[in-house]
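Only one structure is covered here, and it is reproduced in the block below.
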Amino acid sequence: MTQPLIEKLQHLDTVLHDIRQRYNATYNELQALKNNPQTNSNELSLLQQQLNDSQHAYEQSVEQQQQLQQKFDSLDAEYQALAEAHHNLNDDYQALQKKYQELEKSSLAQLEKNRLAKEKTKLVMQRLTLIDQASE
């Protein structure tokens with residue numbers, strides 16, 4: 015029973031030893047690169063060019079964003095002016111519509127008065143004609 019346990023411990027010890035060796039090798043390699051970095055001038059210039067391109071693209075996008083913001087602000091101001099004008103026109107239209115309805119009502123009332131006056135005038139004229147005929 016202790017034999018399988020000893021074998022497992024020995025195997026574990028071997029695995030830990032391998033891990034420790036790989037760790038030391040990687041650590042030493044990283045220290046060497048840290049102390050003496052290897053730079054490829056072509057790779058460095060390519061990265062510098064990419065950085066410059068990215069900065070240029072960023073500056074252009076910022077400029078474009080500012081232009082778009084200005085255009086948006088201009089359109090928003092125009093929209094606000096149009097909305098206010100529409101509101102004013104609507105108020106004017108409603109006031110004129112109300113005045114029109116009042117005038118139409120007044121006109122209908124006046125037409126009715128005129129019709130009644132015409133009928134009364136007609137009756138008066140007929141009576142006067144009858145009076146004139148009777149006095150002849």
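Residue 15 is where the sequence shown starts when you use the numbering used here, and the numbers rise one by one after that.
All C-beta atoms in this analysis are idealised placements derived from N, C-alpha and C, irrespective of residue type, glycine included.
**Report entry** Separation of Leu130 from Thr143, as counted between CA atoms
**Finding:** For the purposes of this step, residue 143 is taken as the residue at position 129 of the sequence shown. For the purposes of this step, residue 130 is taken as the residue at position 116 of the sequence shown. In a straight line, the C-alpha of Thr143 is about 20 Å away from that of Leu130.
Query raised in the report: Where Leu44 and Thr28 are concerned, what is the direct C-alpha to C-alpha distance, given to the nearest angstrom?
Result: Here the question's residue 44 lines up with position 30 in the sequence shown. Here the question's residue 28 lines up with position 14 in the sequence shown. Whole-angstrom Cα-Cα distance: 24 Å.
Query raised in the report: Asn66 by DSSP, collapsed to three states: which one?
Result: Here residue 66 is taken as the residue at index 52 of the sequence shown, counted from 1. Helix, per DSSP.
Report task. Please classify Pro51: does DSSP put it in a helix, a strand, or coil? Result -> Locating residue 51 in the sequence shown gives position 37, counting from the first residue. Reduced to three states, the DSSP call for Pro51 is coil.
Query raised in the report: Which value, in whole angstroms, describes the spacing of the CA atoms of Lys112 and His101?
Result: Translated into the one-based positions of the sequence shown, residue 112 becomes position 98. Translated into the one-based positions of the sequence shown, residue 101 becomes position 87. About 17 Å.
Query raised in the report: How many angstroms separate the CA atom of Glu73 from the CA atom of Asp32?
Result: Residue mapping note: residue 73 aligns to position 59 of the sequence shown, counting from 1. Residue mapping note: residue 32 aligns to position 18 of the sequence shown, counting from 1. Distance from the CA atom of Glu73 to the CA atom of Asp32, rounded to whole angstroms, is 52 Å.
Report task. Would you kindly work out how many angstroms separate the C-alpha atoms of Leu110 and Glu92, rounded to a whole number? Result -> The count along the sequence shown starts at 1 and reaches residue 110 at position 96. The count along the sequence shown starts at 1 and reaches residue 92 at position 78. So the alpha carbons of these two residues sit roughly 26 Å apart.
Report task. Quick one: residues in its chain with C-beta nearer than 8 Å to the C-beta of His70, no 5 flanking neighbours on either side, listed in chain order? Result -> One-based indexing of the sequence shown puts residue 70 at position 56. Within the same chain, His70 has no close Cβ partners at all.
Report task. Using the Cα positions of Lys127 and Ser121, report the straight-line distance between them to the nearest angstrom. Result -> As a working mapping, residue 127 is identified with position 113 in the sequence shown. As a working mapping, residue 121 is identified with position 107 in the sequence shown. Inter-residue distance for Lys127 and Ser121 is about 10 Å (C-alpha atoms, whole angstroms).
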